[in-house]
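**Q** Converting from the sequence shown to the working numbering requires adding 736 to each position, the first position being numbered 1. Note that beta-carbon positions come from the ideal geometry of N, C-alpha and C, so glycine has one too.
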Amino acid sequence: MSAAADYPQAGRGIALSVAASALFALLSAYAKLLAPLTGLDIFAWRIVWTAPGAIAVVVLRGRWPALRELLAHALANRRFALSLAASAGLLGLQLWLFLWAPLHGRMLEVSLGYFLLPLTMVLVGRFHYHERLSGLQWLALACAAAGVAHEIWATRAFAWPTLVVALGYPPYFVLRRRVNADSLALFSVEMLVLLPMAAATLATGGTSVAGRPLLWTMLLPGLGAISTLALASHLKASRMLPMALFGILGYVEPVLLVAVAVLVLGEALSWQQLATYAPIWAAVALTAWHGFLIARR
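1) Below 7 Å between beta carbons: does that hold for Thr786 and Thr964?
2) Please report the residue range of the alpha helix (DSSP H) in which Asp777 lies.
3) So is Pro990 buried or exposed if we call it buried at 16+ other beta carbons inside 10 Å?
4) Taking Pro990 as part of the alpha helix (DSSP H), name the residues at either end of that continuous run.
5) Quick one: any contact between the stretch 811-831 and the stretch 767-778, if contact means 3 or more CB pairs under 8 Å?
6) Tell me which residue opens and which closes the alpha helix (DSSP H) that Lys768 is part of.
7) Pick from Val784, Gly904, Pro772: whose alpha carbon is nearest that of Leu853?
8) Which residues in the same chain have their Cβ closer than 6 Å to the Cβ of His970, if we skip the five residues on either side of it in sequence?
9) If we count the other Cβ atoms within 10 Å of its Cβ and call it buried at 16 or more, is Val795 buried or exposed?
10) Taking 7 Å as the cut-off, decide whether the C-beta atoms of Ala876 and Ala1019 are in contact.
11) Report all residues from its chain with a CB closer than 6 Å to the CB of Arg902; omit the five preceding and five following residues, and keep chain order.
12) Which stretch, first to last residue, makes up the alpha helix (DSSP H) that contains Ala822?
13) Leaving out five residues on either side along the sequence, give the residues of the same chain with a beta carbon under 7 Å from the beta carbon of Leu992.
14) Would the stretch 1010-1017 and the stretch 872-887 be scored as touching if the rule is three or more Cβ pairs under 8 Å?
15) Please report the distance separating the alpha-carbon of Arg975 from that of Leu922.
16) Quick test of the definition: if touching needs 3 or more C-beta pairs under 8 Å, does the stretch 809-816 touch the stretch 855-872?
17) Going by alpha carbons, who is nearest to Leu763 out of Trp1025, Ala961, Leu981?
18) Using only the alpha-carbon positions, how far apart do Leu730 and Phe834 sit?
19) Taking the alpha-carbon positions, what's the Leu955 to Ala935 distance?
20) Hey, which unbroken runs of the alpha helix (DSSP H) at 4 residues or more fall wholly within the stretch 847-897?
21) Would you identify the three-state DSSP class for Pro978, choosing helix, strand or coil?
22) Is the separation between the beta-carbon of Leu803 and that of Ser919 shorter than 7 Å?
23) Can you give the Cα-Cα distance for Ser823 and Val998, rounded to whole angstroms?
24) Could you please give the first and the last residue of the uninterrupted alpha helix (DSSP H) stretch that includes Ser1006?
25) Are there any heavy atoms of the ligand FAD lying less than 6 Å away from the beta-carbon of Ser1006, as far as the coordinates show?
26) Can you tell me whether Leu959 is buried or exposed, with buried defined as 16 or more other CB within 10 angstroms of its CB?
27) Looking only at its chain, what residues have a beta carbon closer than 7 Å to the beta carbon of Met979, apart from the 5 residues adjacent to it on each side?
28) Look up His840 in the DSSP assignment and say whether it is helix, strand or coil.
29) Ala771 to Trp836, Cα distance in whole Å?
30) How far does the alpha helix (DSSP H) with Ala917 in it extend, from its first residue to its last?
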């Protein structure tokens, strides 16, 4: 059976994935506006503001029954509840790292993890879900692998933030598919699971936002709004696309992170870095063409 028949909403899934990548790239610069908050502070506030935003999206999209059913199932089934807790924990680790890294000069290491992530996701799709790859996907994967190989050759090391991203996300997405719940409802439950920890962090040791009205009234709510839209779009796309295509689309985000770093944060892009990014951009172009062909079918 064709990919179009198996995934009839692939075109919409591609659009959601690209939109999510753009919003995530924006967050990497947005964190700099939240000084003097620490990475842990920003993570906690992100959860505090995203949780009600996620619930609002569920209500507006008419998914409230799905959320109630999910909560009822969790209360009645301990194993299912543990799966939800594990899913929330894996997601929470990634959310914290993404906001901690730009404040500690480790964003390059995180970006390398995002370069590696689609490769690991494609491997999951091929060997765990037994998905077949098209010729364009193999070519895109080869281009991406060349860029990643150059980066590994140039840096000579794998930092722990790189490994957390590259190896931490695949089990999260596999677990979400195994739970097999409504995407937005499950995202809301994950935020609710993380909410008590976030509230405790702010109550016991978080940086005070008193006397900073702009931070409290605009920037922190904006953090929640961006996070809600980005995560909801990303997670929805993960269920609407073949795992291999979803994995290759993951290269859009690190490319956009580079654009934000150069155009917004003023970082220099060396020739050595261009040797890494050029094959990645070629992979993104091939992925876009592949997505166009799927959408036309």
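**A** According to the data block:
1) yes
2) 775-796
3) buried
4) 988-999
5) no
6) Unbroken run through Lys768: none, as it is neither H nor E.
7) Gly904
8) Ala756
9) exposed
10) yes
11) Strictly speaking, residue 902 in this sequence is Ala, with Arg absent from that position. Around Ala902: Gly849, Leu852, Leu853, Thr856.
12) 814-836
13) Ser757, Ala758, Ala761
14) yes
15) 12 Å
16) no
17) Ala961
18) The chain is shown only over 737 to 1033; residue 730 falls outside these bounds and no answer can be derived.
19) 18 Å
20) 871-891
21) coil
22) no
23) 34 Å
24) Where Ser1006 is concerned, there is no enclosing alpha helix (DSSP H), given that its DSSP letter is neither H nor E.
25) Judged by which ligands are present, the structure shown has none, so any question about the ligand FAD falls away.
26) buried
27) Met857, Val860, Gly861, Tyr865, Glu867
28) coil
29) 12 Å
30) Segment: none, Ala917 is in no alpha helix (DSSP H) and carries neither H nor E.
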